[in-house]
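A.B. asks:
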Amino acid sequence: MRKRLNLGISDFKVVMEDNNYFVDKSLLIKEVVEDEHAILLFPRPRRFGKTMNLSMLRYFFDKSMPENRALFNGLKINGEEEIMKHCCRYPVIFMTFKDVKANSWNITLTLLKSEISNLYKNHRYLLEGN
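Everything in the sequence shown is counted per my numbering, starting at 7 for the first residue and increasing by one.
#1: F48 to K56, Cα distance in whole Å?
#2: Can you check whether the CB of V98 is closer than 7 Å to the CB of F54?
#3: Specify the secondary structure class of Y131 as computed by DSSP and reduced to three states.
#4: Would F103 and S61 qualify as a contact pair, given that the criterion is a beta-carbon distance under 7 Å?
#5: Does DSSP classify S64 as helix, strand or coil?
#6: Ignore the nearest five residues each way along the sequence and tell me which others in E121's own chain have a CB closer than 7 Å to its CB.
#7: Roughly how many whole angstroms lie between the Cα atoms of N12 and A76?
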């Protein structure tokens with residue numbers, strides 16, 4: 007099956023499942039796990055894959071989606087046995103503002119509130135367990 011160019015797609019799962027070209031940057035996950043700093047900064051110029059990289063991190067760590075482990079089959083990170091022990095093990099809060107675009111502050115604020123509300127709904131399970 008021919009691979010497709012993923013122009014405009016910044017969701018790692020969509021890229022991997024729809025047989026799109028993907029430049030394997032999965033060893034970024036290893037850097038994140040091994041980094042000892044409390045805060046990590048990922049500066050990149052516009053259109054350099056910030057959302058894609060953060061999406062990849064989300065699918066790697068998020069425990070609410072254990073089936074996503076398969077997304078990393080064939081990628082470089084899959085060969086890192088110690089790092090793969092972290093796959094699908096943690097609650098992840100993933101928030102992007104790339105779609106929060108409006109012509110006024112009031113509409114922007116409404117969109118931001120909606121994003122935060124959706125995060126609460128998606129992680130409601132955390133309130134029910136230990």
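Backbone N, C-alpha and C fix where the C-beta goes; we use that ideal spot for every residue, glycine too.
None of these values were measured; they are calculated from a predicted model.
C.D. replies: The answer reads as follows:
#1: Each residue's Cα considered, the two are about 7 Å apart.
#2: No, these two residues do not count as a Cβ contact at 7 Å.
#3: For Y131, the secondary structure class from DSSP, reduced to helix, strand or coil, is helix.
#4: Cβ distance not < 7 Å, so F103 and S61 don't count as in contact.
#5: Sequence check: residue 64 is Arg here, not Ser. DSSP places R64 in helix when its eight states are reduced to three.
#6: If the five residues before and after E121 are omitted, its C-beta is found closer than 7 Å to the C-beta atoms of M101 and V106, all from its own chain and listed in chain order.
#7: Taken atom to atom, the span from the alpha-carbon of N12 to that of A76 is near 20 Å.
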